[in-house]
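Numbering (this note's numbering), first residue to last: 279 to 350.
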């Protein structure tokens, strides 16, 4: 699992920066915040027999930020 910018309790209490939040949202293809549940579901899929034919895959859960360039 390759996560993007995941909103966590620690992040929101210690490292909250509205400008950084906006920059991540602007850089993502999908304009949504990601939460731990977004990573949990594909993790459960990979742990289940449903994924027994998969090997060596990177599963991106990043709302499309890997598709965008954040270099200005």
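Ideal Cβ positions, reconstructed from N, Cα and C, are used throughout, including at glycine. What you are looking at is a predicted structure, and each value in this text was computed from that prediction instead of being measured.
Where the alpha helix (DSSP H) through residue i begins and ends
| i | result |
| --- | --- |
| residue 290 | 287 to 292 |
| residue 340 | Taken as a continuous stretch (DSSP letters only), residue 340 belongs to no alpha helix (DSSP H), as it is neither H nor E. |
| residue 283 | Taken as a continuous stretch (DSSP letters only), residue 283 belongs to no alpha helix (DSSP H), as it is neither H nor E. |
| residue 330 | From DSSP, residue 330 is part of no alpha helix (DSSP H); its letter is neither H nor E. |
Rounded separation between residue i and residue j - CA only
| i | j | result |
| --- | --- | --- |
| residue 304 | residue 321 | 26 Å |
| residue 234 | residue 280 | Given that the chain is displayed from residue 279 to residue 350, the structure contains no residue 234 and the question cannot be resolved. |
| residue 329 | residue 302 | 30 Å |
| residue 285 | residue 317 | 11 Å |
| residue 319 | residue 335 | 16 Å |
| residue 332 | residue 315 | 22 Å |
| residue 345 | residue 337 | 14 Å |
Is the stretch 325 to 338 in contact with the stretch 283 to 292, if contact means three or more CB pairs nearer than 8 Å?
At 8 Å Cβ cutoff, the stretches do not touch.
If you pair each beta-carbon of the stretch 297 to 312 with each one of the stretch 331 to 345, do three or more pairs fall below 8 Å?
With a cut-off of 8 Å, the stretch 331 to 345 and the stretch 297 to 312 count as touching, because enough Cβ pairs lie within range.
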